[in-house]
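Engineer: Let me give you the structure first, and then I'll get to my questions.
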Amino acid sequence: MGNQSQYRFVGKGLAAAALCVSPMAVAQEAPESRVSGVVGADINSHFVSYGLDVWAEGDAFSGSDTFNPYAEVSIDFDAFSLTAGVWADINDNAGGGLGGDIQEIDGYIGVGFGYEAFSFGVTYQEWAFASQTEDILDISIGYDDTGLISDDFALSPSIVIHNRVDNGLGLSNGTIIVAGIEPGFTIVDSEEFAIDMSVPVNFGFALDDGYFIAGGDDGFGFFSIGAAFGMPLDMIPSDYGAWALNAGVTLYSTESDVYANPDDTFVTYNLGLSLAF
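For the sequence shown, the positions run -27 to -1, 1 to 250 when mature numbering (1 follows the signal peptide of the UniProt record, and there is no 0) is used.
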């Protein structure tokens, strides 16, 4: 059940859903250009889609690991930015996917713009898996609160309004709201290398019955808190792009009346490599 980049809380965050809400950067600064992009891949212990443990890994922590490559390109038009990308879920957890071990491919396109300290985004996504699809329209709002607490600290609050507008799953269309913060820190800062850390905290609420399971309730869906680490690979010349490693762990607590997860509480991990240009 399709993207949470960096796209569907798979261990990459909310990038597709919140393309204009900028989390702590974990890569080197790419040369200034109106056209930018990123390609990368992550290994995730779980595929978590807005609180749903898609492959029912539960609290095992490993065994249903997924490989998630992605690519994104963005064009800056000053007044707004246009972003398009693709994300895939590749594993042997089930047969009858899109071909081989490819279980899902998600595509998205969106527009983002800012006003003073606020950022806004609207993203259309199509998630394709087996013979089914989901159509998603996300609206995101972020706020840069740098300086309100201290000059070098921000909570980076954000809200994503996640709307399923069509699906072939036999489930209800509806809306999930995810509210979160992601304070970030530099924990190692040296000439040889740097390591950044952020602490993403999210609360998810389902506004409609039957969003994840037939007969499921609305209301509070999940809480998550994690530790995300990023290390730019500055030893690679910038002529070859801005390379970075990322890793993280996330604790989820989900509501059994909303999901049919094998365990209500579980921990996930992710490891990844990205190239920005």
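Where a beta carbon is used, it is the ideal one built from N, C-alpha and C, also for glycine.
Bear in mind that the values here come from a model prediction, so they are computed numbers and not experimental data.
Under the assumption that Met170 contacts Phe202 (Cβ atoms under 8 Å), give the Cβ distance between them as a whole number of angstroms.
Structural biologist: The Cβ separation is near 5 Å, so the contact holds.
Engineer: Can you tell which of Gly141, Gly189, Thr159 and Arg7 has the C-alpha that lies nearest to the C-alpha of Leu55?
Structural biologist: Of the candidates Gly141, Gly189, Thr159 and Arg7, the one whose C-alpha sits nearest the C-alpha of Leu55 is Arg7.
Engineer: Assuming Arg137 is part of the beta strand (DSSP E), what are its boundary residues?
Structural biologist: That run of the beta strand (DSSP E) goes Ser131 to Asn140.
Engineer: In terms of residue numbering, what span does the beta strand (DSSP E) encompassing Ser54 cover?
Structural biologist: Segment Ser54 to Ile63, the beta strand (DSSP E) holding Ser54.
Engineer: Which residue from Pro173, Gly80, Leu224 and Asp190 puts its Cα closest to that of Val46?
Structural biologist: The candidate whose alpha carbon is nearest that of Val46 is Gly80.
Engineer: Hey, could you find the ends of the beta strand (DSSP E) Met204 is sitting in?
Structural biologist: Note, Met204: beta strand (DSSP E), Gly192 to Pro205.
Engineer: Return the chain-ordered list of same chain residues with a C-beta closer than 7 Å to the C-beta of Asn146, the five sequence neighbours on each side being excluded.
Structural biologist: Answer for Asn146: Arg137, Val138, Asp139 and Asn140, listed in chain order.
Engineer: DSSP has Leu240 in a bridge; who is on the other side?
Structural biologist: Checking the sequence shown, residue 240 turns out to be Val, not Leu. According to DSSP, which records beta bridges pairwise, Val240 is partnered with Leu224.
Engineer: Return the first residue and the last residue of the beta strand (DSSP E) that Leu144 is part of.
Structural biologist: From DSSP, Leu144 is part of no beta strand (DSSP E); its letter is neither H nor E.
Engineer: Between Phe195 and Ser226, which are expected to be in contact by the criterion C-beta below 8 Å, what is the C-beta distance as a whole number of angstroms?
Structural biologist: That belief holds up - the Cβ atoms of Phe195 and Ser226 are roughly 7 Å apart, short of 8 Å.
Engineer: Can you give me the C-alpha to C-alpha distance between Ser18 and Gln76, rounded to a whole angstrom?
Structural biologist: Taking the straight line joining both Cα atoms gives about 15 Å.
Engineer: Just list the residues that DSSP pairs Glu77 with in beta bridges.
Structural biologist: Glu77 is bridged to Asp62.
Engineer: Give the C-beta separation of Val231 and Phe176 to the nearest angstrom, bearing in mind that I take them to be a contact with Cβ-Cβ under 8 Å.
Structural biologist: Not a contact, Cβ separation roughly 13 Å.
Engineer: From Val240 to Phe34, what distance separates their C-alpha atoms?
Structural biologist: Between Val240 and Phe34, the C-alpha separation is close to 6 Å.
Engineer: Give a yes or no on whether the C-beta atoms belonging to residue 311 and Asn243 are separated by under 8 Å.
Structural biologist: In the structure as shown, the chain starts at -27 and stops at 250, and residue 311 therefore has no counterpart that could be examined.
Engineer: Determine the direct distance from the alpha carbon of Trp60 to that of Ser(-23), and round the result to whole angstroms.
Structural biologist: Confidence at Ser(-23) is low in this model, with a pLDDT of 40, below 50, so the placement of that residue is unreliable and no value is reported for it.
Engineer: Roughly how many angstroms lie between the CA atoms of Val11 and Ser129, to the nearest whole one?
Structural biologist: Cα to Cα, Val11 sits roughly 22 Å from Ser129.
Engineer: Please report the distance separating the alpha-carbon of Val(-2) from that of Val174.
Structural biologist: At Val(-2), the pLDDT of 44 sits below 50, so the modelled position is not reliable and the matter cannot be decided from this model.
Engineer: Can you tell me whether Ala(-13) is helix, strand or coil according to DSSP?
Structural biologist: Note on Ala(-13): pLDDT 44, under 50, position unreliable in the model; the coordinate value appears next. Coil, per DSSP.
Engineer: Roughly how many angstroms lie between the CA atoms of residue 251 and Glu30, to the nearest whole one?
Structural biologist: Given a span of -27 to 250 for the chain in the structure shown, any question on residue 251 remains unanswerable.
Engineer: Let me confirm a value: Leu121 is counted as buried when at least 16 other C-beta atoms fall within 10 Å, else exposed. Which label applies?
Structural biologist: Exposed: under 16 other Cβ atoms inside 10 Å.
Engineer: What beta strand (DSSP E) runs, 3 residues minimum, are completely inside the segment 72 to 127?
Structural biologist: You should have 75 to 88, 91 to 102 and 105 to 116.
Engineer: Assuming Asp15 and Asn41 form a contact by the criterion Cβ under 8 Å, report the distance between their Cβ atoms to the nearest whole angstrom.
Structural biologist: Rounded, the Cβ-Cβ distance is 5 Å, consistent with contact.
Engineer: Can the beta-carbon of Ile82 be found less than 8 Å from the beta-carbon of Ile112?
Structural biologist: Not closer than 8 Å, so no.
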